[in-house]
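Only one structure is covered here, and it is reproduced in the block below.
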Amino acid sequence: MASEMQNSNPTILNTADLPTRLRPSVSSKSSTYGSEFFASALPSLTDGALDPISDYSESPSDSESDGELMEEPIDEQEIYDLISTINDPEHPISLGALAVVSLPDIAIKPALPDVPESLLQTVTVLITPTITHCSLATVIGLGVRVRLEQSLPPRFRVDVQIKEGTHSTADEVNKQLADKERVAAALENGTLMGVIAKMLETCQ
Amino acid sequence: MAAEKAVTLTLLSDLTPPSLERTWLTSPHPTLPLVATCSSDKTVRVYSLTNFRLLSTISGGHKRSVRTCAWKPNISGESVLATGSFDATVGIWRRWDNYEETARQRQQRDGVQDEDRIEAEEGEEEDEEEWRFAVLLDGHDSEVKSVSWSASGALLATCSRDKSIWVWEDLDDGDNNFETVAVMQEHEGDVKCVAWHPTEECLASGSYDDTVRIWREDIDDWGQVACIRGHGGTVWGVDWEATENVPSFPGALSAQVESWNQWHAPAGPRLATCSHDRTVRVWRRQPKAPASALGASGIPSIIRPSGTDETWEEDAILPAAHVLSIYAIAWSRRTGLLASVGADGRIVVYEERFVSQTSEPMETDSPTPAEVEATAPHPPTEWRIITIVDGAHGIYEINHVAWAKRADRGRDESREEEVLVTTADDGSIKVWNITR
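If you read the sequences in order, they're chains A and B. FYI, the numbering for the first sequence is 1 to 204, going by UniProt numbering. FYI, the numbering for the second sequence is 1 to 436, going by UniProt numbering.
See below:
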């Protein structure tokens, strides 16, 4: 690893402001009266049929309770929660706090759109390196890919790319990250895996 | 269109027991009903195509994933396997041939045997595995991705992430000596695959630099004779057409076949490649102009391209059928069918056919020879998808596909049937029967 830091003064976001489902209490603190307020203003919210939250979480499990899909559906927020806690290889700061990964830059799509019954899904994560020439972009991307491949069921195809316009050698990095054989070989490289393991230490 | 013959790919069997880790490639033995499968668990498993069961596990030679392997052709009495690993080395392994006998004996006694006795016998066999580690070929700087033996078995090509291709000569001196014949470093990225021409000492390679290159020996020097551009992503696989291949010809005129053969003999076998760009492409070599024609063109001999340079052109892009990276193709040397597999978990089989001759006027128009050469290098053909299997290994990516001679008891002995062998990320290897 480089002895000198590539970016010694990165912009850091307050982790309390980051979107997550891991700390459900965060938003309820500030809305002790808020929930009542909204409930009275929008009485229909308490009516389950129109509640967007319960609508989302209940209907999929109802329609797929035929045993075909035992696992819970995985959404972008869950992907974000898996990777936002990864530490930057240079700083003891999470990729979420550095805004290297962000919720709007995560997408889940069917991998085979022409085969509706297929369970394969592609998770696309666009990462935004903290500086445009950061040579650690590949390592960060690899960390994200490894984290997702280790945590997600194998029906997910993980696609990690550098967000367009945020890095000088994005194409090169993207090609490496998309190369299954290179990624597989990297996982057998002790030195590299040491770095990745350190980055993932902060993930539950 | 509706009258298309129905072609189906049906699962004959899994090869068992499988590896519990990713398997990369399965190589069919050139003569015996055996295959060797490379695994991330650092071993190679040898399975029987007669009963689909594990015969041997070759282990202890590599420190990392075994990525690739190939059987040396043209030898009898002994099997020689070359293995390439992420540990940057190539291993050569030997074993006296007696699998066939044990398999045949077992088949004969199958009627009276129960499962337990088969298991017991396999236990015994394990003791007499007799795979001998012969030599480790050291030279590459990083992961070895592919190995291939020339048709004669005299040369072994290996390639690596270090961007180089090495050609080794098996000195066959009884002392397991290999000599480095050439190190070729023209590729600008990982060399992902190498494959020898079916008869000549001519090598094709595909790379992370998106190119396909052709290599030959000129007098004493190995060098690049063509660099083929066209793919828009890493070239994962290359495979050669059989020298005598003729597209299938339902109702084709014998004149078509004849003119095909006339074109094919000087042009030589075509090359198929598959890529991260989700295409399978076929390339043809421009037949060399006879010396007299070159003389007539008035180009002084001194600036003529060197004798070994070759011009390769795109012959066809096969119908699109994959939505993710295509990792491997296999062009059957027996039937001319081509199969592809990849990250989307699909198996696709294609067939090349002559296009019914609607261009009769051409003959009366008598185009100039140059025009014929440019527009109709060979009688027109088209590639059609004859079958697709979705999710052939469930949700897993398929890393490799190969054709092999069918050897199980269900085969039709009156003809030479072929099976398709596919190898996947979860360690599973499946054998498919193709029927029409």
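Glycine residues also receive a C-beta, built at the ideal position from the N, C-alpha and C atoms.
Problem - Under the three-state DSSP convention, the category B:Q262 falls into - result: Your numbering for residue 262 of chain B matches position 262 in the second sequence. If DSSP states are grouped into helix, strand and coil, B:Q262 belongs with the helices.
Exercise for the section: Can you tell me which of the three DSSP states A:G190 falls into? Expected result: Translated into the one-based positions of the first sequence, residue 190 of chain A becomes position 190. It is helical.
Problem - For B:W96: DSSP bridge partner residues - result: Within the second sequence, the letter at position 96 stands for residue 96 of chain B. In DSSP, B:W96 forms a bridge with B:E78.
Exercise for the section: List the DSSP bridge partners of B:A313. Expected result: In the second sequence, residue 313 of chain B corresponds to position 313, counting from 1. Looking at the sequence itself, residue 313 of chain B is Glu, so the reference to Ala does not match. BP columns for B:E313 point to B:R284.
Practice task
Can you tell me the Cβ-Cβ gap for A:I140 and A:V183, rounded? I've got them flagged as a contact below 8 Å.
Solution key: Taking the first residue of the first sequence as 1, we reach residue 140 of chain A at position 140. Taking the first residue of the first sequence as 1, we reach residue 183 of chain A at position 183. That pair is no contact at about 14 Å.
Practice task
Check the Cβ-Cβ distances between residue 437 of chain B and every residue of chain A, and say whether any is below 9 Å.
Solution key: This structure gives no information on residue 437 of chain B, because the portion of chain B shown stretches from 1 to 436.
Exercise for the section: Determine the chain B residues that contact A:V115 at a beta-carbon separation under 7 Å, and present them in chain order. Expected result: Looking up residue 115 of chain A in the first sequence gives position 115. Here the neighbours are D390.
Exercise for the section: Flag this pair as yes or no: are the beta carbons of A:D159 and A:T122 separated by less than 9 Å? Expected result: Taking the first residue of the first sequence as position 1, residue 159 of chain A is located at position 159. Taking the first residue of the first sequence as position 1, residue 122 of chain A is located at position 122. Yes, the pair counts as a contact, with Cβ atoms nearer than the cut-off.
Handout entry: Host alpha helix (DSSP H) of A:Q77 (start-end)
Key = One-based indexing of the first sequence puts residue 77 of chain A at position 77. E76 to I83 is the span of the alpha helix (DSSP H), which, as asked, contains A:Q77.
Practice task
Quick one: grab the DSSP three-state call for A:A111.
Solution key: Mapped onto the first sequence, residue 111 of chain A falls at position 111. Looking at A:A111 - three-state DSSP - the assignment turns out to be coil, as it is neither helix nor strand.
Practice task
Could you check the C-alpha separation between B:A36 and B:L9 for me, to the nearest Å?
Solution key: Counting from one through the second sequence, the residue named residue 36 of chain B turns up at place 36. Counting from one through the second sequence, the residue named residue 9 of chain B turns up at place 9. Each residue's alpha carbon lies about 22 Å from the other.
Exercise for the section: Assign B:D127 to one of three DSSP states: helix, strand, or coil. Expected result: Mapped onto the second sequence, residue 127 of chain B falls at position 127. For B:D127, the predicted model reports a pLDDT of 44, less than 50, meaning its position is unreliable; a value from the coordinates is still stated below. Assigned with DSSP and collapsed to three states, B:D127 falls in helix.
Handout entry: the region 164-183 of chain A: positions lying closer than 8 Å to chain B by Cβ
Key = K175, A178, D179, K180, E181 and R182
Practice task
Would you mind sorting B:I219 into buried or exposed? The rule is 16 or more other CB atoms within 10 Å of its CB.
Solution key: For the purposes of this step, residue 219 of chain B is taken as the residue at position 219 of the second sequence. B:I219 should be labelled exposed.
Exercise for the section: Answer with buried or exposed for B:E124, where buried requires no fewer than 16 other C-beta atoms within 10 angstroms of its C-beta. Expected result: On the second sequence, position 124 is the one that residue 124 of chain B refers to. Only weak support exists for where B:E124 lies, its pLDDT of 46 falling under 50; the coordinates are left without a value.
Problem - Beta-carbon gap between B:V401 and B:T435 smaller than 9 Å - result: In the second sequence, counting from the first residue as 1, residue 401 of chain B sits at position 401. In the second sequence, counting from the first residue as 1, residue 435 of chain B sits at position 435. No.
Practice task
Just the chain A side, please: which residues come within less than 8 Å of B:S65 by C-beta, in chain order?
Solution key: One-based indexing of the second sequence puts residue 65 of chain B at position 65. Within 8 Å Cβ-Cβ: A184, A185 and E188.
Exercise for the section: Please look up how many angstroms separate the CB atoms of B:I386 and B:Y350, rounded, as I've assumed it's under 8 Å. Expected result: On the second sequence, position 386 is the one that residue 386 of chain B refers to. On the second sequence, position 350 is the one that residue 350 of chain B refers to. At roughly 7 Å, the Cβ-Cβ gap stays under 8 Å, so B:I386 and B:Y350 are in contact.
Practice task
Report the option in B:R64, B:Y208 and B:H197 whose CA atom is closest to the CA atom of A:L177.
Solution key: On the first sequence, position 177 is the one that residue 177 of chain A refers to. When only C-alpha atoms are compared, the closest one is B:Y208.
Handout entry: B:I347 to A:P92 span [Cα, whole Å]
Key = Residue mapping note: residue 347 of chain B aligns to position 347 of the second sequence, counting from 1. Residue mapping note: residue 92 of chain A aligns to position 92 of the first sequence, counting from 1. Annotation: B:I347 to A:P92 spans about 46 Å, alpha carbon to alpha carbon.
Practice task
Reducing DSSP to helix, strand and coil, say where A:A41 ends up.
Solution key: Locating residue 41 of chain A in the first sequence gives position 41, where the first residue counts as 1. Interpretation of A:A41 is limited by its pLDDT of 41, a score under 50 that renders its predicted location unreliable; the figure taken from the coordinates is listed afterwards. Residue state, collapsed to three classes: helix.
Handout entry: Sequence-distant residues of the same chain with beta carbon closer than 8 Å to B:P319, five excluded per side
Key = Taking the second sequence and counting its residues from 1, one reaches residue 319 of chain B at position 319. Same-chain partners within the cutoff: Y350, W383, R384 and I385.
Problem - Candidates B:P247, B:L338 and B:R64: closest to B:S356 by CA position - result: The count along the second sequence starts at 1 and reaches residue 356 of chain B at position 356. Closest by alpha carbon: B:P247.
Exercise for the section: Could you list the residues in the region 215-240 of chain B with a C-beta less than 7 Å from some C-beta on chain A, going in chain order? Expected result: T234
Handout entry: 8 Å Cβ cut-off: residues of chain B touching residue 229 of chain A
Key = Residue coverage of chain A in this structure runs from 1 to 204, which leaves residue 229 of chain A outside it and unanswerable.
Problem - Beta-ladder partner(s) of A:Q121, from DSSP - result: Counting from 1 along the first sequence, the entry for residue 121 of chain A is found at position 121. For A:Q121, which the question treats as bridged, DSSP gives the partners A:P110 and A:F156.
Handout entry: Neighbouring residues, chain A, relative to B:L324 (Cβ below 8 Å)
Key = Taking the first residue of the second sequence as 1, we reach residue 324 of chain B at position 324. Result: A111 and R157.
Exercise for the section: Flag this pair as yes or no: are the beta carbons of A:L120 and B:G345 separated by less than 9 Å? Expected result: Translated into positions along the first sequence, residue 120 of chain A becomes position 120. Translated into positions along the second sequence, residue 345 of chain B becomes position 345. Against a cut-off of 9 Å, the Cβ pair of B:G345 and A:L120 comes out as a contact.
Problem - DSSP bridge partner residues for B:S414 (one or two, in chain order) - result: Position 414 of the second sequence, counted from the first residue, corresponds to residue 414 of chain B. Within the DSSP secondary-structure output, B:S414 pairs in no beta bridge.
Practice task
Quick one: give me the first and last residue of the alpha helix (DSSP H) that A:K175 is part of.
Solution key: Sequence index remark: in the first sequence, residue 175 of chain A carries index 175 (1-based). Start and end: A170 to A178.
Exercise for the section: For B:L171, count neighbouring Cβ atoms within 10 angstroms of its own Cβ and tell me buried if that reaches 16, exposed if not. Expected result: Mapped onto the second sequence, residue 171 of chain B falls at position 171. Looking at its Cβ environment, which holds fewer than 16 other Cβ atoms inside 10 Å, B:L171 is exposed.
Practice task
Please decide whether B:G60 counts as near chain A, where near means a Cβ-Cβ distance under 9 Å.
Solution key: As a first step, residue 60 of chain B is located in the second sequence; it is residue number 60 there, counting from the start. Not one chain A Cβ lies under 9 Å of B:G60.
Practice task
Determine, using beta carbons only, whether B:R384 comes closer than 9 Å to chain A.
Solution key: Here residue 384 of chain B refers to the residue found at position 384 of the second sequence. False, the Cβ-Cβ gap to chain A never drops below 9 Å.
Problem - Assigned secondary structure, A:E149 (DSSP; H/G/I helix, E/B strand, else coil) - result: Residue numbering aside, residue 149 of chain A sits at position 149 when the first sequence is read from its first letter. Three-state result, A:E149: helix.
Handout entry: Alpha carbon of A:D75 to alpha carbon of B:S27, nearest angstrom
Key = Mapped onto the first sequence, residue 75 of chain A falls at position 75. Mapped onto the second sequence, residue 27 of chain B falls at position 27. One C-alpha to the other measures close to 40 Å.
Practice task
Inspect the CB distances between the region 16-33 of chain B and the region 413-428 of chain B and report whether three or more fall short of 8 Å.
Solution key: A contact exists between the region 16-33 of chain B and the region 413-428 of chain B.
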